[in-house]
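Colleague: With the first letter of the sequence shown counted as 1, position 44 gets the number 47 in our numbering; the numbers rise by one all the way through.
Heads up, the beta-carbon is just placed ideally off N, CA and C, and yes, glycines get one too.
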Amino acid sequence: MEFIKRINELYPRICEFENLYEAYLEARKNKRFRFEVLLFSANLAENLIEIQTALKEKTYQLSDYRKFIISEPKKRLIMALQFRDRVVQWAIYRQLNPLLDRQFIFDNFACRVGKGTHKALERLQYWLRKTERTGKQWYCLKMDISKYFYRVDHAVLMRILKRKIKDKDLLWLLNEIVNCEKCAFGLPLDASIATATDSIRLFDCGMPIGNLTSQMFANLYLNEIDQYVKHELREHYYIRYMDDMLLLGFDKTILHETKAKIEIYLNEVLRLTLNDKTSIRPTYLGIEFVGFRIWATHIKLRKTSSKKLKRGLKYLKNQYSKGLATYDDIRPNIMSYAGILKHFNSYRLSREIFGVYSDYEWYDGWFSLQRSNNEEPPY
Numbered sequence: 004m005e006f007i008k009r010i011n012e013l014y015p016r017i018c019e020f021e022n023l024y025e026a027y028l029e030a031r032k033n034k035r036f037r038f039e040v041l042l043f044s045a046n047l048a049e050n051l052i053e054i055q056t057a058l059k060e061k062t063y064q065l066s067d068y069r070k071f072i073i074s075e076p077k078k079r080l081i082m083a084l085q086f087r088d089r090v091v092q093w094a095i096y097r098q099l100n101p102l103l104d105r106q107f108i109f110d111n112f113a114c115r116v117g118k119g120t121h122k123a124l125e126r127l128q129y130w131l132r133k134t135e136r137t138g139k140q141w142y143c144l145k146m147d148i149s150k151y152f153y154r155v156d157h158a159v160l161m162r163i164l165k166r167k168i169k170d171k172d173l174l175w176l177l178n179e180i181v182n183c184e185k186c187a188f189g190l191p192l193d194a195s196i197a198t199a200t201d202s203i204r205l206f207d208c209g210m211p212i213g214n215l216t217s218q219m220f221a222n223l224y225l226n227e228i229d230q231y232v233k234h235e236l237r238e239h240y241y242i243r244y245m246d247d248m249l250l251l252g253f254d255k256t257i258l259h260e261t262k263a264k265i266e267i268y269l270n271e272v273l274r275l276t277l278n279d280k281t282s283i284r285p286t287y288l289g290i291e292f293v294g295f296r297i298w299a300t301h302i303k304l305r306k307t308s309s310k311k312l313k314r315g316l317k318y319l320k321n322q323y324s325k326g327l328a329t330y331d332d333i334r335p336n337i338m339s340y341a342g343i344l345k346h347f348n349s350y351r352l353s354r355e356i357f358g359v360y361s362d363y364e365w366y367d368g369w370f371s372l373q374r375s376n377n378e379e380p381p382y
């Protein structure tokens with residue numbers, strides 16, 4: 004049972020002009036020259052005062068979502084709000100998220116300051132090295148939730164928010180975002196994300212991927228299972244990155260029992276289901292997590308990620324060799340790939356891609372790139 008002080012009197016701080024201005028600065032980062040941002044910025048004070056008035060008088064309503072599908076790393080339906088609404092989302096996030104974040108467990112690594120994929124890798128490898136020294140055979144219970152963002156139950160989410168928050172005005176605003184009447188976010192379990200039509204979408208569940216508040220709600224929602232695993236089941240070697248959960252144990256039978264308890268909790272309390280990726284395997288085979296495969300001794304890039312990396316570099320090579328891109332055009336991409344390689348044991352992969360050349364000789368060694376005749380090497 005949680006003994007926490009409920010959040011109160013936060014709504015006035017969200018509505019403060021200074022907070023809205025800081026939210027505007029956050030929302031425009033890396034997007035300041037987009038047309039809608041320039042249009043909003045041209046009458047900045049008036050627009051912020053208009054938002055402030057709508058929030059104070061509780062007449063604020065979400066605008067229509069812009070929908071599109073992305074294919075990498077997998078097919079997802081993205082729903083983007085107008086810039087005005089993104090400012091409101093940042094205003095909420097700046098004030099509310101730090102208070103909620105304090106209640107999360109240490110080993111929750113998604114969408115949190117000072118966490119992330121590389122910290123999750125370090126933590127998991129530290130545990131693997133620690134468990135390896137026990138001399139026992141350890142196993143990894145890997146769990147993944149089916150269509151997580153599309154299956155978050157609105158009633159359950161609002162119940163969790165009401166348990167954490169006392170401020171009625173803030174709850175009204177959060178309810179406007181969660182139970183948006185203009186757009187259905189949810190999907191049936193058997194529906195395909197890519198082919199689902201508006202007619203089969205559900206209004207009583209789901210969160211829009213693209214909202215800043217969705218990250219915050221997603222972490223808060225699965226914090227319930229974190230607290231259950233840590234305090235009720237008393238599991239130590241448990242780690243989560245959004246809806247990917249890992250649990251280490253040396254008794255396979257106990258892990259099966261733990262999985263059954265977690266599945267019951269997810270089904271009955273959070274109304275979620277585990278998908279077919281859920282498995283129990285020996286840790287010496289390596290653990291796939293956050294795009295990598297981790298052992299106690301080393302870390303490798305997951306095979307699918309490695310193939311995507313090679314495919315991306317091959318595309319850059321073709322663009323460059325055909326004269327469709329210059330060195331300056333593709334150099335940031337190359338350096339980005341090189342940065343990825345530095346976060347795991349990549350000696351063989353690096354040699355396969357870049358040969359024997361050093362970091363300071365990319366222009367001579369890029370996987371035998373052929374320069375166009377009219378382009379000089381960038382010495």
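Run the proximity test for L28: is its beta-carbon closer than 6 Å to any non-hydrogen atom belonging to the ligand MG?
Modeller: No copy of the ligand MG appears in this structure; indeed no ligand is present at all.
Colleague: If you measure between the beta carbons of D254 and L13, is that distance less than 7 Å?
Modeller: no
Colleague: Taking the straight line between their C-alpha atoms, what separation do you get for W141 and P191?
Modeller: Each residue's CA atom was taken as its position, placing W141 and P191 some 36 Å apart.
Colleague: Could you check which residue in Q128, G117, Y151, L277 has the C-alpha nearest to that of G289?
Modeller: Residue Q128 is the option with its Cα nearest to G289.
Colleague: Rounded to whole angstroms, what is the Cα-Cα separation between N50 and P15?
Modeller: 18 Å
Colleague: Please report the Cβ distance between R97 and A48, rounded to the nearest whole angstrom; I am assuming they are in contact, meaning their Cβ atoms lie under 8 Å.
Modeller: Not quite, the Cβ-Cβ distance comes to about 19 Å (not below 8 Å), so this is no contact.
Colleague: Can you tell me the Cβ-Cβ gap for G209 and F152, rounded? I've got them flagged as a contact below 8 Å.
Modeller: Between F152 and G209 the Cβ distance is about 7 Å, and since that is below 8 Å, they are a contact.
Colleague: Do the segment 262-280 and the segment 298-314 meet, that is, are 3 or more Cβ pairs less than 8 Å apart?
Modeller: Cβ pair count under 8 Å is below three, so no.
Colleague: Could you check how far apart the C-beta atoms of Y340 and L304 are, in whole angstroms? I think they sit under 8 Å.
Modeller: Beta-carbon to beta-carbon, Y340 and L304 are separated by about 11 Å, too far to satisfy the 8 Å threshold.
Colleague: Could you check what DSSP says for W365 in three-state terms: helix, strand or coil?
Modeller: Because the pLDDT at W365 is just 47, under 50, the model does not fix this residue reliably, and the value given afterwards should be weighed accordingly. The answer is helix: DSSP assigns W365 an H, G or I state.
Colleague: Under three-state DSSP, which class holds N226?
Modeller: helix
Colleague: Determine which residues share a DSSP beta bridge with K70 and list them.
Modeller: M82
Colleague: Measuring CB to CB, does D229 end up less than 7 Å from N111?
Modeller: Cβ distance < 7 Å, so D229 and N111 count as in contact.
Colleague: For the putative contact between E39 and Q85, defined by C-beta atoms under 8 Å, what is the C-beta separation to the nearest angstrom?
Modeller: 7 Å
Colleague: Answer with buried or exposed for R87, where buried requires no fewer than 16 other C-beta atoms within 10 angstroms of its C-beta.
Modeller: buried
Colleague: Are the segment 275-290 and the segment 132-148 touching by the rule of at least three beta carbon pairs closer than 8 Å?
Modeller: yes
Colleague: What are the residues that DSSP puts in a beta bridge with M248?
Modeller: M146, R243
Colleague: Between the segment 229-238 and the segment 179-190, can you find at least three pairs of beta-carbon atoms closer than 8 Å?
Modeller: no
Colleague: To the nearest angstrom, report how far apart K59 and R89 are at their CA atoms.
Modeller: 17 Å
Colleague: Helix, strand or coil: which one does DSSP assign to L205?
Modeller: strand
Colleague: I believe I95 touches T216 by the beta-carbon criterion, under 8 Å. Please report the beta-carbon distance rounded to the nearest angstrom.
Modeller: The Cβ separation is near 6 Å, so the contact holds.
Colleague: Which term fits S349, buried or exposed, when burial requires 16 or more other beta carbons within 10 angstroms of its beta carbon?
Modeller: buried
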